[in-house]
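Here is the structure we will look at.
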Amino acid sequence: MREVNPMDTNRAVSWQFYIDAPMPMVTIFKTLDITNLMRVKAAGYKLNMLLCFCIMQAARLVKEFFMLPVGKKMMEYDKIGVNVIVANEKGGINSCDIPMADKLEEFNQLYVQLTERVRRTCTDHEITDHMMIGTSSLVKYDIDGAVNMYSGIFNNPFLIWGKYREETGGVKLPISFQFHHVQMDGMEACAFLENVQKCIRTLEIKESKE
337 MREVNPMDTN RAVSWQFYID APMPMVTIFK TLDITNLMRV KAAGYKLNML LCFCIMQAAR
397 LVKEFFMLPV GKKMMEYDKI GVNVIVANEK GGINSCDIPM ADKLEEFNQL YVQLTERVRR
457 TCTDHEITDH MMIGTSSLVK YDIDGAVNMY SGIFNNPFLI WGKYREETGG VKLPISFQFH
517 HVQMDGMEAC AFLENVQKCI RTLEIKESKE
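Structure below.
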C-alpha cells in the first residue's frame with residue numbers, strides 16, 4: 337500500500353470532480369443468476385463464501401479496485417480482500433477481513449477459519465494493507481437492494497444482498513453495489529458486475545466436499 341499522486345493516475349478527472357463532493361458514492365442494482373452457484377453449494381460450500389469468491393475473482397480484473405481514496409489521499413494497493421459481517425456467539429456482530437486467494441478451496445479454508453475465529457472470539461479481524469471490498473448479506477429478507485450510508489470515513493466499495501429467489505428458469509439474487517466515484521466510474525462498476533456474473537456461471541469444482 338502506498339500513496340500516489342491522483343493526477344498521475346487514470347482517475348485524475350474524477351478526483352477533481354468528486355473528491356470534495358458531499359455524497360460521492362454511486363449505487364448500481366443488478367439481479368444475478370446464481371443457478372450454477374446453487375449446484376456448487378450442494379457440494380458442501382457456503383453460498384456466502386461462494387459469492388465472496390466470485391466477487392474477488394471479478395474485482396481482480398478491474399484495475400480500479402486496486403486504488404482507493406482515503407481521506408484526501410489516493411492509495412494504491414498490491415492486494416485486495418473481502419470483508420464479511422459475522423454473527424458472533426454472544427448475539428452481536430463483528431467484522432472479518434479475508435484476503436484474496438486464487439483457488440476456491442484455498443479461499444474456502446480462509447473463509448471458514450477466519451469467520452469461525454471471529455464468531456468465537458467476538459473480535460474483529462482486520463487486514464490493513466489490502467483494499468477491502470465490503471459485503472453484507474441479509475439472507476433472511478426478500479429485498480430488491482439497498483443504498484448504504486456514506487460516513488465520510490470508509491470509501492470502500494460495498495455489496496449488499498438479501499434472500500435469493502427461486503424462479504422459473506433459475507435462481508436469482510438481487511444485489512446492490514456501492515462505490516466511490518473517485519475510485520471508478522459506472523463503466524468500470526458495470527464491467528465488474530458482469531465479471532461477477534461470468535464467474536458465477538463458470539465456477540466449477542473438481543470433487544465433492546462430502
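So for the sequence shown, the numbering used here puts the first residue at 337; every next one is plus one. Every residue gets a Cβ at the ideal spot worked out from N, C-alpha and C, and that includes glycine.
Whole-number beta carbon distance between residue j and residue i, since they are thought to touch under 8 Å
i    : j    : result
A395 : F401 : 4 Å
I421 : S472 : 6 Å
L404 : N491 : 6 Å
P493 : Q519 : 7 Å
M411 : M337 : 6 Å
Short Cβ contact (8 Å threshold) for residue i with residue j
i    : j    : result
I469 : I416 : yes
S512 : L495 : yes
H461 : R455 : no
L383 : I536 : no
H466 : M361 : no
V507 : I391 : no
L450 : C432 : yes
Rounded separation between residue i and residue j - CA only
i    : j    : result
M523 : K426 : 42 Å
R501 : S350 : 37 Å
Y354 : R347 : 10 Å
M343 : P510 : 36 Å
E540 : A525 : 25 Å
Q352 : K408 : 11 Å
D356 : G380 : 46 Å
E546 : E441 : Low per-residue confidence applies at E546: pLDDT is 44, beneath 50, and the placement is therefore not dependable, though the value from the model is reported in the following sentence. Between E546 and E441, the C-alpha separation is close to 13 Å.
L474 : P435 : 22 Å
G428 : N484 : 20 Å
T345 : Q514 : 22 Å
S544 : V448 : Its pLDDT being 45, under 50, S544 is placed unreliably in this model, and the value from its coordinates should be taken loosely. Approximately 17 Å between the Cα atoms of the pair.
D478 : A423 : 19 Å
E503 : D480 : 15 Å
Residue from the options with nearest C-alpha to residue i
i    : options                : result
V418 : K409, T464, V518       : T464
T538 : R375, M485, N341       : R375
D414 : G407, I429, V398       : V398
A437 : L386, R455, R453       : L386
A482 : C458, L373, G498       : G498
N430 : N484, G505, C458, G380 : C458
G505 : A525, L368, V475       : L368
V340 : V406, D356, Q514       : V406
K366 : A527, D521, I541       : A527
K377 : D521, I489, N444       : N444
Q393 : N424, K439, T345       : K439
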